[in-house]
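Residue numbers (the numbering used here): 5 to 511.
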């Protein structure tokens with residue numbers, strides 16, 4: 005049966021949500037349940053790949069679902085930025101599912117069926133958000149994503165998990181209702197439309213004070229972008245299992261935030277208007293402060309997941325900065341950094357989870373010497389760290405290069421210095437971890453070797469040293485995302501072409 009691209013567009017949104025019924029039905033049979041999830045992942049990747057080919061061939065792909073009021077619709081459209089986000093999310097859903105199988109079983113997590121159900125709903129929401137044709141549709145799926153990930157954050161069911169979930173839900177819902185929704189309603193009254201349009205939707209004679217205020221409301225309202233001071237939900241959510249952290253930081257939630265920031269800047273305001281608004285400079289410096297402050301806070305965290313969480317806050321600031329620079333290179337750099345950061349950060353979280361389930365360690369101060377026990381994991385951590393830092397031979401090199409070029413194009417030399425300083429701070433809080441893992445100053449490997457291995461781990465002995473890696477599904481996921489970091493350096497062209505096409509609106 006040959007499906008039209010319009011049908012594939014709609015199935016990309018509906019399929020993950022429909023799969024929850026099969027996941028629930030197979031809940032008592034873990035192999036079948038996870039087989040359903042992986043099959044759904046593969047079908048979604050096929051749909052999204054076909055949509056990508058359709059975009060490249062110049063086809064217009066859109067779908068209409070429902071009209072709430074005249075001009076206020078639930079509708080979808082394929083354009084390069086949404087396509088880039090959908091490609092990343094669909095592929096990394098498969099990889100994260102593979103990782104989760106090894107992690108959840110080895111860690112003997114409870115409520116695994118609920119985990120896969122909520123994960124599927126979240127990915128369906130991401131697809132709807134990525135392909136939204138207007139702000140109203142985007143807002144609906146933005147909120148569905150928040151609600152569907154709340155049970156994932158509170159998965160453990162402990163008081164600490166519940167407290168983290170309250171902070172997560174409280175901040176994201178508050179920013180959405182107080183700022184984001186107000187910005188959307190105000191935009192409707194000022195512009196008369198919420199449809200995304202390349203170059204922006206505001207008239208030339210609109211009062212810059214009004215649009216400048218709207219920009220502030222949007223940036224503060226998109227809480228998932230974690231700009232300070234609305235960032236605390238992200239470290240609070242680290243009480244969740246590592247596959248959830250990977251979902252939050254790489255596949256869905258934070259990427260939905262910065263994707264929305266880019267979408268609003270390019271398709272609601274337009275780069276020309278954005279460049280002259282009185283509040284753009286203030287927001288640029290606020291994003292720059294988020295980058296630096298979060299990096300400094302990250303350096304002080306001994307818990308590995310907490311350090312990575314604050315690193316994410318900092319890296320999201322890069323994408324927000326690129327959007328607010330209102331230059332072509334800035335937009336390209338931000339778009340590329342969505343992908344580069346996704347592969348780098350998901351690898352780091354995968355490694356953190358692997359260390360936890362294998363060696364039962366979560367504190368950085370306890371990780372000296374573990375590189376000889378988990379060589380693949382820590383080598384992956386090192387490569388992913390290089391990508392976050394932005395140096396060859398990793399993909400982060402290119403996105404940071406274009407962000408620097410964007411700062412130069414906009415004559416934002418202070419922002420350029422912030423980006424450079426942040427990269428140095430990245431080195432300071434990331435590289436010591438793999439360095440001490442492979443080259444400890446003082447460590448008794450005899451003591452380390454006495455740590456019992458987890459169920460499902462591979463154990464070998466080499467010169468009296470026990471090699472203990474994560475369960476093989478998790479290890480495969482780590483290797484795949486690490487190779488992604490390297491591949492995006494040697495073959496960035498497809499990603500660059502998609503990022504460049506954001507400026508024209510067509511593939």
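Every residue gets a Cβ at the ideal spot worked out from N, C-alpha and C, and that includes glycine. None of these values were measured; they are calculated from a predicted model.
- Fully enclosed beta strand (DSSP E) runs of no fewer than 3 residues occupy 66-73, 76-81 of the segment 53-81, in order along the chain.
- Looking at 15, 100, 206, 29, the one whose alpha-carbon comes closest to that of residue 346 is 100.
- Note on residue 213: under 16 other CB atoms within 10 angstroms of its CB, so exposed under the neighbour-count rule.
- In summary, residue 364 is exposed, with fewer than 16 beta-carbon neighbours lying within 10 Å of its beta-carbon over all protein chains present.
- In this structure, residue 24 and residue 134 do not form a Cβ contact; the two beta carbons are roughly 19 Å apart against a cut-off of 8 Å.
- For the pair residue 344 and residue 399, the CB atoms are nearer than the 7 Å cut-off.
- In the three-state scheme derived from DSSP, where H, G and I count as helix and E and B as strand, residue 211 is classed as coil.
- The continuous stretches of alpha helix (DSSP H) do not include residue 366, and DSSP gives it neither H nor E.
- Annotation note: the segment 258-338 contains the following uninterrupted alpha helix (DSSP H) runs of length 4 or greater, listed N- to C-terminal: 275-280, 284-303, 308-328.
- Within the model, the alpha-carbon separation for residue 310 versus residue 51 is close to 36 Å.
- Inter-residue distance for residue 397 and residue 78 is about 42 Å (C-alpha atoms, whole angstroms).
- The three-state secondary structure of residue 115, taken from DSSP, is coil.
- The beta carbon of residue 261 sits closer than 6 Å to the beta carbons of 226, 228, 229 from its chain, once the five residues preceding and following it are set aside; these are given in chain order.
- At a Cβ-Cβ threshold of 7 Å, residue 204 and residue 128 do not count as neighbours.
- Excluding the 5 residues flanking it on each side, residue 15 has same chain C-beta neighbours closer than 8 Å at 7, 51, in chain order.
- Between the alpha carbons of residue 477 and residue 190 lies a gap of roughly 48 Å.
- Residue pairing by DSSP places residue 138 opposite 199 in a beta bridge.
- Closest in C-alpha terms to residue 474, from the list 361, 247, 104, comes 361.
- Around the CB of residue 259, 16 or more other CB atoms lie within 10 Å, so the residue is classed as buried.
- Note on residue 378: 16 or more other CB atoms within 10 angstroms of its CB, so buried under the neighbour-count rule.
- Taking all protein chains shown into account, residue 233 has fewer than 16 neighbouring C-beta atoms within 10 Å of its C-beta and is therefore exposed.
- In the same chain as residue 394, and ignoring 5 residues on each side of it, the C-beta atoms closer than 6 Å to its own belong to 400, 401, 404, 427, in chain order.
- Contact between residue 185 and residue 339 fails: their C-beta atoms lie close to 26 Å from each other, not under 8 Å.
- For the pair of segments examined, the segment 494-502 was found not to touch the segment 62-79: the number of CB pairs separated by less than 8 Å stays below three.
- Here residue 156 is buried: its Cβ has 16 or more other Cβ atoms, across all protein chains shown, within 10 Å.
- Close CB contacts of residue 390 within its chain, under the 6 Å cut and outside five residues either way in sequence, are with 398 (chain order).
- Rounded to the nearest angstrom, the gap between the Cα atoms of residue 443 and residue 256 is 35 Å.
- Nearest Cα to residue 318 within the set 350, 392, 121: 392.
- Judged by their CB atoms, residue 410 and residue 321 are not nearer to each other than the 7 Å cut-off.
- For residue 29, the enclosing alpha helix (DSSP H) covers residues 9-29.
- Taken through DSSP and simplified to helix, strand or coil, residue 479 comes out as helix.
- Cβ-Cβ distances below 6 Å link residue 351 to 384, 388, 485, 486 in the same chain, with the five nearest sequence neighbours on each side left out; the list follows chain order.
- Between the alpha carbons of residue 480 and residue 313 lies a distance of about 23 Å.
- Separation of the CB atoms of residue 272 and residue 183 is rounded to 15 Å, and the pair is thereby denied contact status at 8 Å.
- Taken through DSSP and simplified to helix, strand or coil, residue 344 comes out as helix.
- No residue range can be given for residue 158, since it is assigned to no alpha helix (DSSP H) and is classified by DSSP as neither H nor E.
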